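Per our numbering, residue 89 is the first one in the sequence shown, and the count goes up by one each step. Glycine residues also receive a C-beta, built at the ideal position from the N, C-alpha and C atoms. Keep in mind the model is a prediction, meaning the values are calculated, not measured. Scroll down for the structure; my scribbles are underneath it.
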Amino acid sequence: MSNWSSEPRCSTIRKETVSVADVLTDRHPLPPLDGDDLALRPWSPARILSATAWSEESLARLVAALGVERPNDGRRAQAAPQGRVWWTAPRRALVIAETSDAPSLGEGEGWVMQAETGAHVGFRVAGGTARRLLARLVPIDLAEAVFPIDAFATTRADGVLVHVQRRIAEAAPEGDGFDLMVARSQGRFFAEILVDAATAFGVTVPDEMRRGTAARRLSSREVFGPSR
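What follows is the structure in structure tokens.
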């Protein structure tokens, strides 16, 4: 099944009350949290670029400039000198650099690059129970045989568009980990549903996240219960 996804025709309804300061500042909505064989961590890449090619010909030039082989269905993350490459659409990719000294990639013939570092919020989930936690949130099969290391998918969790990559997590006992990324405007809501699901695995909701609960509108999960 292809990983390419199209945007919905109507905009996603906001399910949270967030101050403008939370959206515009660099404060991450998730503090480091630990549970039973589970670790939740904020993830803030040094640079995120969006690369868009306008034709198949310019796409071939973009792929060559990145030094990667484009996957046919976009379901695999790739390593390039500029950072990790996530194909989020047939001719669009996010290029994610962990460090500021990674080489950049300028615009070329038929493609454009746009800085999107401040437009996304990242999360890291690691540990032996990481897959069980995420299975409560995203409707994809995360089994090793189906979603191995470097597998990538774009899906939804409670209406939030989320990118997911499985990775090797050196700090995790079983080396199992996932990197997740959502739009900054929905970062706080996603942090809340992630932590809420993690309470089943020994994570305690911190006070700073509890304070916003009364003002926040209930999510579909809270009204109707988990979907799986």
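Burial state of residue i, where buried means 16 or more other Cβ atoms lie within 10 Å
i	result
alanine 134	exposed
aspartate 246	buried
aspartate 267	buried
arginine 272	buried
proline 117	buried
alanine 167	exposed
alanine 279	buried
arginine 298	exposed
glycine 194	exposed
glycine 155	exposed
aspartate 189	exposed
aspartate 161	exposed
Under the three-state DSSP convention, the category residue i falls into
i	result
arginine 274	The sequence given here has glutamine at residue 274, not arginine. Residue state, collapsed to three classes: helix.
aspartate 125	coil
isoleucine 281	helix
serine 138	strand
leucine 306	Caution is warranted here: a pLDDT of 49 is assigned to leucine 306, below 50, making its placement in the model unreliable, and the coordinate value is therefore given only provisionally. In this structure, leucine 306 counts as coil in the three-state DSSP scheme.
leucine 221	helix
leucine 230	coil
arginine 298	helix
arginine 149	helix
phenylalanine 266	strand
alanine 207	helix
alanine 288	helix
leucine 154	helix
Residue j beta carbon less than 9 angstroms from that of residue i
i	j	result
glutamate 296	proline 119	yes
leucine 230	arginine 244	no
valine 213	glycine 265	yes
leucine 128	valine 270	no
leucine 221	alanine 286	yes
leucine 277	valine 248	Here residue 277 is phenylalanine; the residue named in the question, leucine, does not match the sequence. Contact flag set, yes.
proline 130	phenylalanine 211	yes
leucine 225	leucine 282	yes
glycine 215	alanine 257	yes
Identity of the residue in the options nearest residue i by Cα
i	options	result
glutamine 253	Arg180, Arg163 and Phe277	Arg163
serine 146	Gly275, His208, Trp131 and Arg179	Arg179
arginine 255	Val248, Leu249 and Ala241	Ala241
isoleucine 136	Leu154, Asp189, Glu157 and Gln202	Gln202
glycine 206	Ser132, Phe289 and Thr287	Ser132
arginine 172	Asp161, Ser192 and Arg149	Ser192
arginine 158	Trp175, Ala288 and Gly275	Trp175
Proximity test, residue i beta-carbon vs the ligand SAM heavy atom, cut-off 8 angstroms
i	result
tryptophan 142	Ligands displayed in this structure: none; no statement on the ligand SAM is therefore possible.
Three CB pairs or more closer than 8 angstroms across the region 193–201 and the region 138–149: yes
Three CB pairs or more closer than 8 angstroms across the region 169–184 and the region 122–129: no
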